[in-house]
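Asks: Using numbering that gives the first Met the number 0, read the sequence shown as starting at 0 and increasing by one per residue. Ideal Cβ positions, reconstructed from N, Cα and C, are used throughout, including at glycine.
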Amino acid sequence: MGSRAEQRESNRTTSYWKSPRSIRPLATGVRRAVEAGVFRAEDPETIVASLWSQVHGMALLMLGGHWPSAADPARAATAAVDGWRA
Numbered sequence: 000m001g002s003r004a005e006q007r008e009s010n011r012t013t014s015y016w017k018s019p020r021s022i023r024p025l026a027t028g029v030r031r032a033v034e035a036g037v038f039r040a041e042d043p044e045t046i047v048a049s050l051w052s053q054v055h056g057m058a059l060l061m062l063g064g065h066w067p068s069a070a071d072p073a074r075a076a077t078a079a080v081d082g083w084r085a
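1) Between which two residues does the alpha helix (DSSP H) carrying Val-37 extend?
2) State yes or no: is the C-beta of Arg-84 within less than 8 Å of the C-beta of Val-37?
3) Is Arg-96 helix, strand or coil when you go by DSSP?
4) Along the chain, where does the alpha helix (DSSP H) containing Trp-83 start, and where does it finish?
5) Excluding five sequence neighbours on each side, which residues of the same chain lie with their C-beta closer than 8 Å to the C-beta of Leu-50?
6) Would you check if the distance between the CB atom of Met-57 and the CB atom of Ala-76 is smaller than 8 Å?
7) Is it true that the CB of Ile-22 sits closer than 8 Å to the CB of Val-54?
Right, dumping it as structure tokens:
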């Protein structure tokens with residue numbers, strides 16, 4: 000396996016970077032946040048997968064009527080983003 004930088008560069012040419020319109024803006028934003036030092040220097044695809052799954056999990060819970068009534072979805076989503084900050 001290559002270095003982290005080589006892995007990140009490889010990831011830019013794979014899945015999320017050539018993916019459907021729905022996830023591409025998130026992937027682009029995450030990549031820019033990593034490059035700017037806003038997010039930790041981690042694999043952007045890992046961050047995208049984490050944030051994408053968080054949002055979709057929350058949406059499924061809400062749509063299914065299983066989201067806890069006292070839970071604030073905006074704070075939950077913000078906590079997921081904050082977990083990746085540098």
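Replies: This is what the structure holds:
1) As a first step, residue 37 must be located in the sequence shown, where it is residue number 38. Per DSSP, Val-37 belongs to no alpha helix (DSSP H) and is neither H nor E.
2) The sequence position of residue 84 within the sequence shown is 85, counting from 1. The sequence position of residue 37 within the sequence shown is 38, counting from 1. Against a cut-off of 8 Å, the Cβ pair of Val-37 and Arg-84 comes out as a contact.
3) Nothing about residue 96 can be reported from this structure: the residues present for the chain run from 0 to 85 only.
4) For this step, residue 83 is matched to residue 84 along the sequence shown. Element bounds for Trp-83: n/a, residue is neither H nor E.
5) For the purposes of this step, residue 50 is taken as residue 51 along the sequence shown, with counting starting at 1. The residues are Leu-25, Val-29, Ala-79, Val-80, Trp-83.
6) Position 58 of the sequence shown, counted from the start, is the residue given in the question as residue 57. Position 77 of the sequence shown, counted from the start, is the residue given in the question as residue 76. Yes.
7) Your numbering for residue 54 matches position 55 in the sequence shown. Your numbering for residue 22 matches position 23 in the sequence shown. Their beta carbons are not under 8 Å apart, which means Val-54 does not touch Ile-22 by this criterion.
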